[in-house]
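These notes concern the structure reproduced below.
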Amino acid sequence: MSTGLTEQLLAPPRHAEDAEQGQKPAPVAEDDDVLVLRLPSRELSHHSAHAAGNGWKTTTIILLADMFGLGALAIPSAFARLGWLVASAVVLLLGSMMWYSGSLFTRLACCRPGVQAYHELAGAAYGARGRWLVFGTVYTLVLLSPAIIHLTSAESLKVLLGPHAPVSPGLAVALCMLPLAQVRSMEDVGWASLVGTGTMVGAVLVTLGWLGGHLLGTGGDLAPAARDDVAATHVLPPRSTTLAAALVAVLDIVFAYGGAQNWFRYATTMRRRSQFSLVTRAGAAVMTLFYVLLGAVGYLSMGDGYDLRKPITSVLPPGAWVYAINVLLLLHCLVAYQININVLTHLLLGAAPAWARDRGGWEATAAWAAVSCAGVLASWGLAAGVPYFNAVIAFAGAIGDVSAGYLVPALLALKLLPLGAAERAVCRLLVPLAVALSAAGIFAAVREMARQGN
């Protein structure tokens, strides 16, 4: 594992194909009064720089292990709040937007092959204002994501351990994550991601099986508390859905497609950045298919007669099926947690002063251990302090996913890419829409958390 913590910002392109598609690297704008982060260097293959990095298939598995997970658990409640027509339209629209956003990311990564971090790309386009936009939105989501995963992991473990658990589920998750967080290479995480993706797909399939069995009358009934006043499904949002609740539901779906805050790191650890569009297309297709299935079967089976604030897996009655679902979900969460702590640790180490960053040997290992462990413990504390799954992921979607997936890529594309008239018009339209959705979503999510806390 590499011990050097920095590398040249304007390194040569990793592959000739990327160099052909991109432009000549330009120096990143820097201001004297602004801290410019440098991310730790990625370990190269012992053969050559061209052989280093992940292929598009491995990167797809990593992306799915990160993105296809927690948000899926809120899809049935989004259908219950928005109704068939609106929920289906939002899922299909955001799936298409993930496809397009992946295209923008790929072209942006190729046009600046020497840039290694999201904020540096924003700095190349807009200087200090661009960097601070990324710091305040995209990187805020990087800080929040491990806490959301910690909360879901603890919920799954709570179901598995039962009401008389010998240890706090949140503490148990933290103790489990402390050693897992010490994996430093994204290429090494790729193997674990295969397990993470497989277990999440398995959890969704088992959940679909249970809900389908219940719908057909062959499965067990829901617990009495969850079956009270089950309502018929609605084409449009039911009258009981307030505007704030509808916004939270939309942002829950935004969060389900979220994860673009990590895309630039994934693209820069690929052998060919130009193939990242294949990764996002495959991810969008898989996620949209499962979200439509889970939303439709969950809504038909359960209506809105359960606690919509909780993930779908937390309201099913005890039994072998539910136990299997939560085992698979917990395994997925631990892998997704590992990926997000890896990204967070790289970011925080890059923010360290040069005297603390430019270390090797045991000092580099100790620095990684200290920062990653602090990230795990902070995530545990935040998850324990704000345990409102539905509203928390809506807040994360509003403050980070909207910016990471739509606002920032559109702004960067307008500045850095040669766009046609139609695509330029699309990007210009995305900017005010993303700002409006983010502002309204933050207000609605905070209001919902305050309501649930009372």
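Residue numbers (the UniProt record's numbering): 1 to 454.
C-beta atoms are modelled at their ideal positions from N, C-alpha and C, and glycine is treated no differently.
*Determine the direct distance from the alpha carbon of A434 to that of I339, and round the result to whole angstroms.*
27 Å
_Cut-off 8 Å between Cβ atoms - residues of its own chain near G375, not counting five sequence neighbours on either side_ = P146, A181, I341, L344, T345 and L348
*Name the DSSP bridge partner or partners of N54?*
M270
*Please work out which residues of its chain come closer than 6 Å, Cβ to Cβ, to M177, disregarding the five sequence neighbours upstream and downstream, and give them in chain order.*
Y337 and V376
*Return the chain-ordered list of same chain residues with a C-beta closer than 7 Å to the C-beta of W263, the five sequence neighbours on each side being excluded.*
F105
*Decide yes or no for the touch test of the stretch 153-161 against the stretch 391-400: beta carbon pairs closer than 8 Å, at least 3 of them.*
no
*Run through the stretch 144-217 for me and flag every whole beta strand (DSSP E) of 3 or more residues, listed as ranges in chain order.*
none
*Using 10 angstroms around the beta-carbon of P76, count the other beta-carbons present and answer buried if the total reaches 16, otherwise exposed.*
buried
*Look at Y257 and M449 and say whether their C-beta atoms are less than 9 Å apart.*
no
*asked:* Quick check: the Cα distance between L63 and G283, rounded to an integer number of angstroms?
replied: 7 Å
_Between the CA atoms of S168 and L121 - distance to the nearest angstrom_ = 42 Å
*Helix, strand or coil at Q261 according to DSSP, with G and I counted as helix*: helix
*Going by CA-CA distance only, name the one from A249, L328, H150 and A404 that's closest to A89.*
A249
*Using DSSP with H/G/I as helix, E/B as strand and the rest coil, what is H234?*
coil
*Selection from V206, R184 and H164 that minimises the alpha carbon distance to V327*: V206
*Roughly how many angstroms lie between the CA atoms of G123 and S156, to the nearest whole one?*
40 Å
_Does V134 pass the burial test, meaning 16 or more other C-beta atoms within 10 Å, or should it be called exposed?_
buried
*Could you tell me whether the stretch 399-406 touches the stretch 260-278, using the rule of 3 or more Cβ pairs below 8 Å?*
yes
*How is the alpha helix (DSSP H) around G130 delimited, first residue to last?*
A128 to G136
*Count the other CB atoms, across all protein chains shown, that sit within 10 Å of the CB of H164; report buried if there are 16 or more and exposed otherwise.*
exposed
*By the 10 Å Cβ neighbour count, where 16 or more other Cβ atoms means buried, how is A125 classified, buried or exposed?*
buried
*Are A87 and G303 closer than 9 Å when you measure CB to CB?*
no
*When burial is assigned at 16 or more other CB atoms within 10 Å of the CB, is residue 464 buried or exposed?*
Look at the range of the chain in this structure, 1 to 454, and you will see that residue 464 is not part of it.
*Is it right to say G114 is buried, meaning 16 or more other beta carbons lie within 10 angstroms of its own, or is it exposed?*
buried
*Among residues of its own chain, excluding the 5 on either side of W56, which ones have a beta-carbon nearer than 6 Å to its beta-carbon?*
Q275, L278 and V279
*Give the secondary structure of T288 by DSSP, where H, G and I count as helix, E and B as strand, and everything else as coil.*
helix
*Just the C-alpha distance for I253 and A367, rounded to the nearest angstrom, thanks.*
36 Å
*Span of the alpha helix (DSSP H) holding Y323?*
A320 to G350
*Going by the beta-carbon positions, is the gap between G400 and V138 smaller than 9 Å?*
yes
_Closest to G69 by C-alpha separation, out of L251, V335 and R239, would be which residue?_
V335
*What is the DSSP secondary structure of L247, counted as helix, strand or coil?*
helix
_Between which residues of its own chain and R273 is the CB-CB distance below 6 Å, once the five residues before and five after are set aside?_
D18, A109, C110 and A267
*Determine, using beta carbons only, whether H150 and L382 come nearer to each other than 9 Å.*
yes
_Coil, strand or helix - T242 by DSSP_ = coil
*Cβ distance (whole Å) where R174 is taken to contact W380 below 8 Å*: At residue 174 the sequence reads Ala, which differs from the Arg that was named. The Cβ separation is near 4 Å, so the contact holds.
*Roughly how many whole angstroms lie between the Cα atoms of V183 and H214?*
41 Å
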